[in-house]
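Okay, structure first, notes after.
Residue numbers (the working numbering): 9 to 451.
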């Protein structure tokens, strides 16, 4: 049986990078092969080794950049290339945004045979320390010095050894080393797989997922940590419903603001919220401006979450109905409407928005002037297929996956008579390949 070659023995090839793949790797065409090379940028001449093959695509490792891209920059993070949290720190932010805008346009043209009438300018803000929410992996690795806390390595299950992080909210980044020290002192350090971290407007919350019970001594160490670092510590022994506060016993409410709408939204540490606080404000303002709501107009907000778009639309004068699949988020949306004195112009309902057809409900049979939807990566196939039920004049679609946006756009345009008036990206996740987009459809 032939021995597998060591990486050092693999042949080195040379080629020109044509473009980036959807996950940020440089694409090189080498004779009859297509090779994806980590760390390479478009137009660069590189030397690389082919290290493997998946389906029809070869994997390559960058060895040397012979001719650099004009858009290559020095990464801010010392573990960039290893950590899976970022993929594009070696590319200028303007080039990153152009790449994402191109992914959006190409997806629409290739998958839906659509070209928007207007390509909107990129929505963007600061590119560093923007991430206010994250799930950090935890692992005891004696060979690497003990406890590791951070994101998973790119394409692997290992945990990156993070001492700081330039994309995390500065309050969260500053906790990485103290967390390593704390975890090292706990008796059940091997039974803590992850920590959910959330930076709210006025406080920081940490949710420790643990597979064994903490000892009395452990609990005291956690309380001392919470006092010293001025953070909330919550424990999660089971599913999401098992979360309970350890310190302080009655923690301060987590919230964020949408200043342009004079709104304060309350959330819990495990709730889904947009992780980029400043970009969320711009995204909400952008979507509501596209709707151009007139006082008294009826708006249907699908996948409304805790009311992020719903309450902004209501503040602009809309009569808003929000639909969400998660009961906890529906409860939070009600709470936020009351908190902001908008409960008289909003209504929220729980429904499975992936059913086809949708179950009979009062909200289904009402008329809506406009629809806003913000689905998960799987998109909203079932909903857009039934959009003729309401026939709204405008649809604003907030997407986190250009492929499913293109699929759904094809249904709206080619089957239901809508026009794709405008679209563009919102750079909510700088230095990653994540593409968030907003699209406006009109009859």
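From the three backbone atoms N, C-alpha and C, an ideal C-beta is built for every residue, glycine too.
In the structure shown, residue 356 adopts extended strand secondary structure according to DSSP, grouped into three states. By the Cβ neighbour-count rule, residue 91 is buried, with 16 or more other Cβ atoms within 10 Å of its own.
Looking at the backbone, the Cα of residue 242 and that of residue 225 are separated by about 16 Å. At the C-beta level, residue 309 and residue 321 come within 8 Å of one another. By the beta-carbon neighbour count (other beta carbons within 10 angstroms, threshold 16), residue 60 is exposed. Partner residues in the beta bridge of residue 329, as assigned by DSSP, are 308 and 355. Contact between the segment 353 to 370 and the segment 400 to 416 is absent: fewer than 3 CB-CB pairs across the two stretches fall below 8 Å.
Between the alpha carbons of residue 102 and residue 29 lies a distance of about 17 Å. Shown here, residue 296 sits in a helix according to DSSP, grouped into three states. Fewer than three Cβ pairs drawn from the segment 107 to 117 and the segment 259 to 271 lie within less than 8 Å of each other, which leaves the two stretches out of contact. In the DSSP assignment, residue 101 falls within the alpha helix (DSSP H) that extends over 101 to 120. Beta-bridge partners of residue 431 (DSSP): 127 and 447. Closest option to residue 38, judged by alpha-carbon separation, among 21, 46, 369 and 313: 21. Annotation for residue 416: the continuous alpha helix (DSSP H) segment containing it runs 410 to 418.
Excluding its 5 nearest sequence neighbours in each direction, residue 138 has C-beta neighbours in its own chain below 6 Å: 284, listed in chain order. Distances from the CA of residue 277 to each of 286, 271 and 260 were compared; the closest alpha carbon is that of 260.
Under the DSSP assignment, residue 158 falls in the beta strand (DSSP E) whose first and last residues are 154 to 158.
Here DSSP, grouped into helix, strand and coil, assigns residue 363 to coil.
Boundaries of the beta strand (DSSP E) harbouring residue 72: 65 to 75, taken from the DSSP string. Restricting attention to 435, 434, 436 and 421, the CA atom closest to the CA of residue 124 is found in 421.
Under the Cβ criterion (8 Å, minimum of three pairs), the segment 67 to 87 counts as touching the segment 32 to 50. 8 Å or more divides the Cβ of residue 32 from the Cβ of residue 412. Taking the Cα positions, residue 294 is about 15 Å away from residue 429. The residue among 280, 176, 51 and 156 with its C-alpha nearest the C-alpha of residue 313 is 280. Separation of residue 178 and residue 212 (C-alpha to C-alpha, rounded to the nearest whole angstrom) is 11 Å. In its chain, beyond the 5 residues on either side, 392, 395 and 396 have a beta carbon closer than 8 Å to the beta carbon of residue 424. In the DSSP assignment, residue 87 is bridged to no other residue.
Residue ranges of uninterrupted alpha helix (DSSP H) with 4 or more members, entirely inside the segment 157 to 195 and ordered along the chain, are 178 to 181 and 184 to 192. Classified as buried, residue 142 has 16 or more neighbouring CB atoms from the shown chains inside 10 Å of its CB. Contact annotation, residue 353 with residue 327: C-beta distance approximately 6 Å; criterion of less than 8 Å satisfied.
Nearest in C-alpha terms to residue 185, of all of 356, 164, 170 and 107, is 170.
Between residue 434 and residue 287, the gap from beta carbon to beta carbon is short of 8 Å. In the three-state scheme derived from DSSP, where H, G and I count as helix and E and B as strand, residue 398 is classed as coil. Within the segment 210 to 271, the complete beta strand (DSSP E) segments of 3 residues or longer fall at 212 to 217, 240 to 244, 252 to 255 and 262 to 266, listed in chain order. Boundaries for residue 343: no beta strand (DSSP E) harbours it, while the alpha helix (DSSP H) harbouring it runs 335 to 347, taken from the DSSP string. In the DSSP assignment, residue 204 falls within the beta strand (DSSP E) that extends over 202 to 207.
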